[in-house]
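Take the sequence shown: its position 503, counting from 1, is numbered 987 in the working numbering, and each next residue is one higher.
What follows is a single structure, written as structure tokens, with notes after it.
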Amino acid sequence: MSATLNTPPRPSVDEDKLARRQSRWQGLFAPELLKTAARRAVVMLRPDVQWKNPVMFVVEVGTALAILFTAAKAIDPTVSAAPLGYLVALDVWLVLTLLFANFAEALAEARGKAQADALRKTRQDTPAFVYDGNDPAAALRADPATFGRSTSTLLREGDVVVVDAGQVIPADGEIVAGVASVDESAITGESAPVVREAGGDRSGVTGGTRVLSDRIVVKVTAAAGRSFLDRMIALVEGAARQRTPNEVALSIVLSTFTLIFLIVTVTLWPMARYAEGYMAGFVGAAEVESLGTDVPTLVALLVCLIPTTIGALLAAIGIAGMDRALRANIIAKSGKAVEVAGDVDTLLLDKTGTITLGNRQATRFIPLADVSAADVGHLAALASASDQTPEGKSIVELYRRTPGAGAWNTPPEARFVAFTAQTRMSGVDLPDGRVIRKGAADAVVKYVQSQGGTSPLLMDEQVNAVAGQGSTPLLVAEGDRIVGLVVLEDVLKPGIRERFERLRKMGIRTVMVTGDNPLTAKAIAEQAGVDDYIAEATPEAKLAYIRKEQQGGRLVAMMGDGTNDAPALAQADVGVSMNSGTQAAKEAGNMVDLDSDPTKLIEVVEVGKQLLMTRGALTTFSIANDVAKYFAIVPALFAGTLPWLKRLDVLNLASPTSAILSAVIFNAVVIPLLIPIALKGVTYRPVGADALLRRNLLVWGLGGVVVPFAGIKLIDLALSLIPAV
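Right, dumping it as structure tokens:
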């Protein structure tokens, strides 16, 4: 009897996209975030807070003057000929302009604080079992009752703690003994456990993560309050955020614009007084109606002409850029690191795990003597029986699948020879006297020659042919003769060539770093489509390459996880270390990838470029806005005094007061309308600088001119229905 499993239908691609879009919008405008940001926007009206943003501080001072002028008008109607309702409406919208500007920054901060609260829940006062002995390996077998008891808040750098299965790792550290499966979902959000072990480049562990299996001994590298989780919380809350160099430079430019327009606006007041007096001599004072001497109107002119839009959104753009990096599980030690990532010229990527799927796999046995491929496989499998590397395991597995392979086992009396970096070989000495070795071609040739043997005919051609195809040849020797070779092949990650093409369109050179020989490295580089490669890479070679690129005026990004990567990570302009890596690597880089994903380097560049693109797009839009507002306000300002200015009223607005109020309302309303773009970032496309400039000018420049004309006209039509205006 069969049963039918009723599974819900999979959503279509369009439905899936809609669901993700709705989720992003709900997260962006969650009611709790809006309430928090609204309260914070009011608090930020304090002058001691506002003065940090020069553009908005000028708006606040002008608003205060406008309110005082309106109050004087209410007490003495002769102060101004402008309607009181018009002046009150101006004051209200000027205050709203300040609140909207504060709301943008407050909402960005609220999103960070919400993320910090979620992270803070993962941080707790965790029990810690301290080991006081000198042999960490002995702690793997010791009775837990012999360990000292402490808590995570009392641990100091250098302490050694023991963590069993089911326990939470109390602090950041490096595994000094043992291997275990670790659940890092509390930090990275990934549900799949990862393996962490001592003695390698994946020895780093993070406080707050949970051990799922076995026991590990961890040396604490960050005391309480200085862990990566603490840094992440401080970063998202804004406490550790400093303005980036480009942001500071743009703030100076905006302040300069503001000062220039402030001088222009202040000088308009005496000019207006003179013009009114001059015209009154011809037509009489009663016939002269001008708004040029009304302080609220002059403040409105100033607020509309200075770059209030980008001034209001600048801080939010910077905070949101850091937030996007954090949401990609990247801890940036400074905002500068994120920003510099957008200007990177050269990208160094490790071959294994980044460009290729991972470890090389044995694919063929090739005989070089009077033996069969199955015989070569048998000897290679014997030499790899104790080899626990992925390559060694793949050799054994390939032999099991080889036609003609019989049942086999390694005699218990056999002596295994482990692989070392010095010998670059592994093997086995069998009880019957046979000596089998397997390893790098040059190392095996040297070994055979030391035993009095010689290389087979055509061996060099076979080795070079395999290496020339991008594969790695390993020679197999029995005694003093070389019997065959094993072919190890790398498999490129799907779509990696297209990703490199995207980077090339952005003007970024990609460089593959590998320990392979030059022939193998060259073949893989051609298959992957990288621009350059470093073969037989050593720490000195990587460091020298980075320095050479920097001396040529280029910015370099690199990812690494080992202690030997630390010099290059420190030298690179953007050094991304993996969270699973050693403490030396994490300290040397200026970013840490919590997912320990080598391909994340490409996402880092995209996050940085999106930050720069968003800031450039909104700056272009803000400055372009001034064109429309100029044609709306200036003719209305002096229309009663200088009638010929009416020719500049291309929008044919209903009245001078309606024109000015329409411009102020549009200037205020456009800020909250642009908040989603500031927080989410403009759509990123991998294009060159020239194409990006053209797009900015066409979309955001031209749009910044056209949209205000339409918006101001629509607001004017609505205001014309209100008699008080």
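Cβ coordinates follow ideal geometry from the N, Cα and C atoms, glycine included.
Keep in mind that this is a model prediction, so the values were computed, not measured.
When the alpha-carbon of Leu1095 is set against those of Glu823, Arg844 and Asn1063, the nearest one is in Glu823. Closest by C-alpha distance to Leu782, out of Ala661, Gly1165, Leu578 and Val701, is Leu578. Taking the Cα of Leu549 as reference, the smallest distance to any Cα among Gln1055, Gln534 and Leu571 is reached at Leu571.
In terms of Cβ geometry, Leu696 and Asp667 form a close pair [threshold 8 Å]. Rounded to the nearest whole angstrom, the CA to CA distance from Ala629 to Ile879 is 44 Å. Beyond the five residues adjoining it in sequence on each side, Ala864 comes within less than 6 Å, by CB distance, of Ile879, Lys922, Val960 and Val970 in the same chain, given in chain order.
With contacts defined as CB atoms closer than 8 Å, Gly968 and Ala1054 fail to qualify as a contacting pair. For the pair Arg686 and Asp648, the CB atoms are not nearer than the 8 Å cut-off. For Arg981, no beta strand (DSSP E) segment is defined; the enclosing uninterrupted segment is the alpha helix (DSSP H) at Ile980 to Lys989.
If you check the CB distance, Met990 and Ile966 do not come in under 8 Å.
For Gly1187, no beta strand (DSSP E) segment is defined; the enclosing uninterrupted segment is the alpha helix (DSSP H) at Leu1186 to Leu1203. Taking 8 Å as the cut-off, the beta carbon of Asp829 is found closer than this to the beta carbon of Arg1038. Val783: member of the alpha helix (DSSP H) spanning Val779 to Leu789, first to last residue. Taking 8 Å as the cut-off, the beta carbon of Ile790 is found closer than this to the beta carbon of Val542. Residue pairing by DSSP places Leu914 in no beta bridge whatsoever. Taking Arg523 as reference, the option from Ala594, Leu1201, Ala558 and Val576 with the minimal CA-CA separation is Ala594. For Leu1053, no beta strand (DSSP E) segment is defined; the enclosing uninterrupted segment is the alpha helix (DSSP H) at Ala1050 to Gln1055.
In the three-state DSSP reduction, Thr994 falls in the strand class (E or B).
In its chain, beyond the 5 residues on either side, Leu583, Asn586, Phe587 and Ala590 have a beta carbon closer than 6 Å to the beta carbon of Ala525. Pro874 and Ala812 have their C-alpha atoms some 29 Å from each other. The residue among Gly569, Ala592 and Ala623 with its C-alpha nearest the C-alpha of Ala514 is Ala592. In this structure, Gly954 and Ile1008 form a Cβ contact; the two beta carbons are roughly 5 Å apart against a cut-off of 8 Å.
Excluding five sequence positions before and after Gln935, the CB atoms of its chain that fall closer than 6 Å to its own CB belong to Asp964, given in chain order. With distances taken between CA atoms, Ala1147 lies nearest to Leu1201 out of Leu1201, Ala867, Ile850 and Val901. Spanning the alpha carbons of Ser735 and Ala825 requires a straight line of approximately 20 Å.
Rounded to the nearest whole angstrom, the CA to CA distance from Val652 to Arg981 is 40 Å. The alpha-carbon separation between Pro1156 and Ala1162 amounts to approximately 10 Å. At the C-beta level, Val995 and Asp1015 come within 8 Å of one another. Separation of Val1118 and Ala558 (C-alpha to C-alpha, rounded to the nearest whole angstrom) is 26 Å.
Residue environment for Leu832: buried (at least 16 other C-beta atoms within 10 angstroms of its C-beta). The residues Ala1116, Ser1146, Ala1147 and Phe1150, in chain order, have a CB closer than 6 Å to that of Ile1196 in the same chain once the five nearest residues on each side in sequence are set aside. Around the beta-carbon of Val748, fewer than 16 other beta-carbon atoms lie within 10 Å, marking it exposed.
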